[in-house]
Amino acid sequence: MSLAVHYRVAMPRPHAHLFEVEAAFPAGPDVLDAVMPVWTPGSYLVREYARQVQDVTAQGPDGRPLPVRRLDKRTWRVDARGQAVTLRYRVYANELSVRTSHLDGSHAYFNGATVFLYTEATRALPHHVTVDAPQGWRTFCALDSQGATFIAPDYDALVDSPFEVGPHTPLTFTAAGVPHEVVVWGDSVPDADRLCADMQRVCEAQARMYEGLPLKRYLFLVYLTDKGRGGLEHQASTALLFPRTGLSTNRGWEDFLTLVAHEYFHLWNIKRVKPRALVPFDYSQENYTTLLWAFEGGTAYYDNLFVRRAGLMSPTRYLARLGETLSLLHSTPGRRVQTLTEASLVSWVKHYRPDEHSTNSAVSYYLKGEVVCALLDLEVRRATRDAKCLDDVMRLLWQRHGDGSGVPEDGVEKAASEVTGVDLTSFFDRAVRSTEDLDYGVFAHVGLEVSFRVREAPNDKGGTPPRLKGEPRPKGWLGVTVRGSSTLSTVPEGTPALEAGLYPEDDVVALDGWRVDGAGLISRCEDKRPGETVRVTLFRRDRLLEVPVVLGQKPADAVWLQRVERPTDAQKAAFQSWLGSPWDETPGPA
Numbered sequence: 001m002s003l004a005v006h007y008r009v010a011m012p013r014p015h016a017h018l019f020e021v022e023a024a025f026p027a028g029p030d031v032l033d034a035v036m037p038v039w040t041p042g043s044y045l046v047r048e049y050a051r052q053v054q055d056v057t058a059q060g061p062d063g064r065p066l067p068v069r070r071l072d073k074r075t076w077r078v079d080a081r082g083q084a085v086t087l088r089y090r091v092y093a094n095e096l097s098v099r100t101s102h103l104d105g106s107h108a109y110f111n112g113a114t115v116f117l118y119t120e121a122t123r124a125l126p127h128h129v130t131v132d133a134p135q136g137w138r139t140f141c142a143l144d145s146q147g148a149t150f151i152a153p154d155y156d157a158l159v160d161s162p163f164e165v166g167p168h169t170p171l172t173f174t175a176a177g178v179p180h181e182v183v184v185w186g187d188s189v190p191d192a193d194r195l196c197a198d199m200q201r202v203c204e205a206q207a208r209m210y211e212g213l214p215l216k217r218y219l220f221l222v223y224l225t226d227k228g229r230g231g232l233e234h235q236a237s238t239a240l241l242f243p244r245t246g247l248s249t250n251r252g253w254e255d256f257l258t259l260v261a262h263e264y265f266h267l268w269n270i271k272r273v274k275p276r277a278l279v280p281f282d283y284s285q286e287n288y289t290t291l292l293w294a295f296e297g298g299t300a301y302y303d304n305l306f307v308r309r310a311g312l313m314s315p316t317r318y319l320a321r322l323g324e325t326l327s328l329l330h331s332t333p334g335r336r337v338q339t340l341t342e343a344s345l346v347s348w349v350k351h352y353r354p355d356e357h358s359t360n361s362a363v364s365y366y367l368k369g370e371v372v373c374a375l376l377d378l379e380v381r382r383a384t385r386d387a388k389c390l391d392d393v394m395r396l397l398w399q400r401h402g403d404g405s406g407v408p409e410d411g412v413e414k415a416a417s418e419v420t421g422v423d424l425t426s427f428f429d430r431a432v433r434s435t436e437d438l439d440y441g442v443f444a445h446v447g448l449e450v451s452f453r454v455r456e457a458p459n460d461k462g463g464t465p466p467r468l469k470g471e472p473r474p475k476g477w478l479g480v481t482v483r484g485s486s487t488l489s490t491v492p493e494g495t496p497a498l499e500a501g502l503y504p505e506d507d508v509v510a511l512d513g514w515r516v517d518g519a520g521l522i523s524r525c526e527d528k529r530p531g532e533t534v535r536v537t538l539f540r541r542d543r544l545l546e547v548p549v550v551l552g553q554k555p556a557d558a559v560w561l562q563r564v565e566r567p568t569d570a571q572k573a574a575f576q577s578w579l580g581s582p583w584d585e586t587p588g589p590a
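For the sequence shown, UniProt numbering assigns the number 1 to the initial residue and increments by one for each residue that follows.
Structure below.
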């Protein structure tokens, strides 16, 4: 009988939010060090999963207790004396996120990194998991199974295969000949047939790019909640968190499909083609790479694009969403402080740990990475007269590194230069290794130009032309953002608010002697003219203060992409090659 590590996961008291885990390790070294990961691949933050582990005991093959002692935050040592060891412990799971685990009376979700102790000595062995579920509950996982036991070829595959357990009836569809399951928790979807049909189209659009799918089945775990949006990619599955009310609107439905497209594209981009710096994963500490802009930002670029290619988003909507991304980038002062390579490298302490100063000191590698990859796609198209595009770069990386060997830190840049036949060093120097504003001139290749305007309302995300005709009246500008009803959340660099001495966490109560909330503060300042002085009354650490602020002029940082007035035939052809729609086709709704 081949050696393997065996786990049994039980949940006899779901309301206590405690998994009861049994981990049986085969005979081996005299000393067994069982450890818990501090992070999970795909989410680059040390989360200290061991803090939820309790009641660890050990016994030998004869059932006799073995002494176990904790060495550090993540390690339990057993004096095994070469014999097989069974550990029993409990894991508290009451955080509903795709990066952790959650157990209650309605279901159980667990990410392997949060539940399974392992040893480095047995990490490469097969790992078997049996789930003792409450009556009427089913277990869903992308791993192969034999009877009630799920089998992972090694610990890495186990960590990369989350489990969902509950009284669920899955939705199903087939894409590119591969069966897909969709397990939904939290609420029912308003139109299950449409959901499966649209997801199928998105998955098949990606399969066409790579001429097939690299797996034999796929599992979507969908968690519909009151708030929150996000996902975590896995080797043959994904966990998606999405607001339940979002699926009731066309924009929300579209946004859900982009989330599906994003996590599904990770099947290639980072699950199989990954930075070499992450090979193999070191679960004990941070794993550093400068390439997250390409693997996450690149995936963010493709998520909208694949919904467009699936025919589920009009070209006008696509360009509007890209304009919203550009607008968000241009309202982030940190883009002038942090390069993309640094943003990738220090994601462990910056991206996943934002604070009130983050907008001034950092830029998201998702956000700027998406824009850079859009520009890179157009740059490749321009350099090759539309014979090649970013798809060809991604396929070259897949051909060379799809075996999991890893992409070197300069690998993406070299692949792009190889595909174009042009040295793209200057492009990458500016786009990823400097804090200069990006060069948007390449949009002209597809008959577009980048335009800027003033935001017309607090919820104006940009992406569309101005609604008001004529030259707008200059608006007074304070420059803050508000959390809740009246608390200042950020005070960006270069704003009148920062120069005057307003602080994050100030609680605003009045403007010029009249009571206002946060929304009223911003709108009433916009009713005034640049250069006027206003008096902001606030509480700071329970002390009442009045701060005079000289208003600035509201900046034109809402971005939209407009078509050139007299496009050439080459521009029209390039536009159609990029977005799959004739230039002269009637634009869809924005």
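By construction, the Cβ of each residue, glycine as well, lies at the ideal position given by its N, Cα and C atoms.
Values in this document were obtained by computation on a predicted structure and should not be read as measured data.
For residue i, the residue or residues it bridges with in DSSP
{"i": "Gly42", "result": "The partner list for Gly42 (beta bridge, DSSP) is empty, contrary to what the question assumes."}
{"i": "Tyr89", "result": "Val21"}
{"i": "Ile522", "result": "Beta-bridge pairing links Ile522 to no other residue."}
{"i": "Tyr218", "result": "His180"}
{"i": "Tyr7", "result": "Ala23, Val129"}
{"i": "Val68", "result": "Val78"}
{"i": "Trp560", "result": "Ser451"}
{"i": "Asp33", "result": "Arg77"}
{"i": "Gly476", "result": "Gln553"}
{"i": "Val407", "result": "Pro275"}
{"i": "Phe163", "result": "Phe110"}
{"i": "Asn94", "result": "His102"}
Extent of the continuous beta strand (DSSP E) to which residue i belongs
{"i": "His401", "result": "Here His401 belongs to no beta strand (DSSP E); instead the alpha helix (DSSP H) covers 390-401."}
{"i": "Trp578", "result": "Element bounds for Trp578: not the beta strand (DSSP E) but the alpha helix (DSSP H), 569-579."}
{"i": "Ala133", "result": "Here Ala133 belongs to no beta strand (DSSP E), and DSSP marks it neither H nor E."}
{"i": "Glu449", "result": "448-453"}
{"i": "Arg467", "result": "Note, Arg467: premise wrong, no beta strand (DSSP E); not H, not E."}
{"i": "Phe443", "result": "Where Phe443 is concerned, there is no enclosing beta strand (DSSP E), given that its DSSP letter is neither H nor E."}
{"i": "Asp79", "result": "75-79"}
{"i": "Ser489", "result": "487-490"}
{"i": "Thr481", "result": "481-483"}
{"i": "Val56", "result": "53-59"}
Status (buried if at least 16 other CB within 10 Å, exposed otherwise) for residue i
{"i": "Met1", "result": "Since pLDDT at Met1 reaches only 49, below the 50 mark, its modelled position is unreliable, and the value read off the structure follows with that caveat. The residue is exposed, with fewer than 16 neighbouring Cβ atoms inside 10 Å."}
{"i": "Gly82", "result": "exposed"}
{"i": "His15", "result": "exposed"}
{"i": "Glu342", "result": "buried"}
{"i": "Asn250", "result": "exposed"}
{"i": "Ala148", "result": "exposed"}
{"i": "Leu478", "result": "buried"}
{"i": "Arg13", "result": "exposed"}
{"i": "Glu233", "result": "buried"}
{"i": "Asp282", "result": "exposed"}
Cutoff 8 Å; reference residue i; Cβ partners in own chain excluding five residues on either side
{"i": "Glu356", "result": "Ser489, Thr490, Val491, Pro504, Glu505"}
{"i": "Ser248", "result": "Pro190"}
Cβ-based neighbour list, residue i, same chain, cut-off 7 Å, excluding 5 preceding and 5 following
{"i": "Trp583", "result": "Gly447, Pro567, Lys572, Phe575, Gln576"}
{"i": "Gln206", "result": "Tyr264, Phe265, Phe306"}
{"i": "Tyr366", "result": "Glu296, Gly297, Ala300"}
{"i": "Ser344", "result": "Thr289, Thr290, Leu291, Leu292, Trp293, Tyr365"}
{"i": "Asp303", "result": "Thr258, Ala261, His262, Phe265"}
Residues near residue i by beta carbon distance below 6 Å, same chain, minus five either side
{"i": "Val184", "result": "Val222"}
{"i": "His107", "result": "Gly166, Trp185"}
{"i": "Pro465", "result": "Trp560"}
{"i": "Pro548", "result": "Thr533, Arg535"}
{"i": "His127", "result": "Val5, Ala152, Tyr155, Leu158"}
{"i": "Gln200", "result": "Phe173, Ala175"}
{"i": "Arg88", "result": "Glu22, Thr57"}
{"i": "Gly60", "result": "Leu66, Gln83"}
{"i": "residue 594", "result": "Here the chain covers residues 1 to 590 and nothing more, so residue 594 does not appear."}
Start-to-end residues for the alpha helix (DSSP H) that takes in residue i
{"i": "Asp377", "result": "367-383"}
{"i": "Leu305", "result": "298-309"}
{"i": "Arg317", "result": "315-330"}
{"i": "Ala429", "result": "Residue identity differs from the one stated: residue 429 is Asp in this sequence, not Ala. Its alpha helix (DSSP H) spans residues 425-431."}
{"i": "Asn360", "result": "358-361"}
{"i": "Ala343", "result": "340-345"}
Tell me the start and end of each unbroken beta strand (DSSP E) in the region 165-210 that is at least 3 residues and wholly inside, in chain order.
171-175, 178-185
Jot down the residue ranges of each uninterrupted alpha helix (DSSP H) in the region 224-287, minimum 4 residues, whole runs only, in chain order.
250-265
If you scan the region 96-160 from start to end, which runs of the alpha helix (DSSP H) of 4 or more residues do you find wholly inside it?
112-115, 155-159
Alpha helix (DSSP H) runs wholly inside the region 499-554, at least 4 long, in chain order
518-527
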